[in-house]
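Enquirer: Residue numbers (the working numbering): 56 to 271.
Positions of the beta carbon are idealized from the N, C-alpha and C atoms, including for glycine.
These figures come from a predicted structure and were not determined experimentally.
Got a structure here, written out as structure tokens. Questions coming.
Following this line, the structure appears as structure tokens:
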């Protein structure tokens, strides 16, 4: 797992390049799969991985003399998890499970109130933003820098292309695609974004990072 995507690496050390690259950087997960079965390791704060053959290792502490003799000294607290699954990591939705492991649901007490006269009660479930396909990951939701619009940044995680729809908790007044600094460009204007009710629809490419500016 890397930011906004993932890399597939060999599990052998057949070349001098592979031998020298005994450990690689990864973020929230690593997976080792064959045709119909696999195992993912999820991590909340450790980023050194290596796999050789059928052995997967996650570096928990680093105690090398160079370049930093004091690296990782002190008390540490970290979590990791094993996630065996059928099929490959896409079928198992390992990306989503890793996000759930790193950002668990938080609960808070609230006072239950009846709906006002003529009003609607809260539904059984409610989400600010819901994509309709599992391979789109909503990475960032924030207020726009120059107005009160909502900035939604998402990426395609499976290496696939297609079309998708985001459903919001409130009706959508307008939506445009912008770049990473929240500006419209000729390139972003060329991408068709359509709105209908509470939904925003668009097409996406493999591993594409897409930023939408939405006004609710």
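1) Suppose only complete runs of 3+ residues qualify. What are the beta strand (DSSP E) ranges in the segment 74-110, listed by chain order?
2) Determine the burial state of residue 218: buried for a count of at least 16 other Cβ atoms within 10 Å of its Cβ, exposed for fewer.
3) Are residue 214 and residue 135 close, meaning C-beta to C-beta below 7 Å?
4) So, helix, strand or coil for residue 260, using DSSP?
5) Residue ranges of each beta strand (DSSP E) run of no fewer than 3 residues wholly in the segment 180-220, ordered along the chain?
6) If you count every other CB in all the chains shown that lies within 10 Å of the CB of residue 190, and 16 or more means buried, which is it?
7) Suppose you measure from the CA of residue 127 to the CA of residue 64; what does that come to, to the nearest Å?
8) Do you know offhand how far residue 225's Cα is from residue 245's?
9) Under 8 Å by Cβ, that's how I've got residue 271 and residue 227 pegged, so tell me the actual separation to the nearest angstrom.
10) Could you please give me the residues that DSSP links to residue 117 through a beta bridge?
11) Between residue 77 and residue 105, is the Cβ-Cβ spacing less than 7 Å?
12) Note down the Cα distance separating residue 157 from residue 73, rounded to an integer number of angstroms.
13) Determine the direct distance from the alpha carbon of residue 232 to that of residue 223, and round the result to whole angstroms.
14) Below 7 Å between beta carbons: does that hold for residue 243 and residue 230?
15) For the alpha helix (DSSP H) holding residue 150, just list the boundary residues, first then last.
16) Quick one: Cα of residue 255 to Cα of residue 141, how far?
17) Give me, in chain order, the residues of the same chain whose beta-carbon lies closer than 6 Å to that of residue 80; leave out the 5 immediate sequence neighbours on both sides.
18) Residue 243 by DSSP, collapsed to three states: which one?
19) State buried or exposed for residue 257, treating a residue as buried only when at least 16 other CB atoms are found within 10 Å of its CB.
Expert: Put simply:
1) As far as the segment 74-110 is concerned, its whole beta strand (DSSP E) runs of at least 3 residues are 84-88, 92-98 and 103-107.
2) That one is exposed.
3) If you check the CB distance, residue 214 and residue 135 do not come in under 7 Å.
4) Secondary structure at residue 260: coil, using DSSP grouped into helix, strand and coil.
5) The segment 180-220 contains these whole beta strand (DSSP E) runs: 184-186, 191-198 and 205-211.
6) So residue 190 ends up on the buried side.
7) CA-to-CA, the gap between residue 127 and residue 64 works out to about 27 Å.
8) Taking the CA atoms as reference points, residue 225 sits about 26 Å from residue 245.
9) So it is a contact: roughly 6 Å between Cβ atoms.
10) Its beta-bridge partners do not exist; DSSP assigns none.
11) Yes, Cβ-Cβ distance for residue 77 and residue 105 is below 7 Å.
12) Within the model, the alpha-carbon separation for residue 157 versus residue 73 is close to 30 Å.
13) Approximately 16 Å, taken between the alpha carbons.
14) Going by C-beta atoms, residue 243 is not nearer than 7 Å to residue 230.
15) Unbroken alpha helix (DSSP H) run through residue 150: 149-157.
16) Taking the CA atoms as reference points, residue 255 sits about 33 Å from residue 141.
17) Excluding residues within five positions, the ones whose Cβ falls inside 6 Å are 102.
18) It is helical.
19) When all chains shown are included, residue 257 counts as buried.
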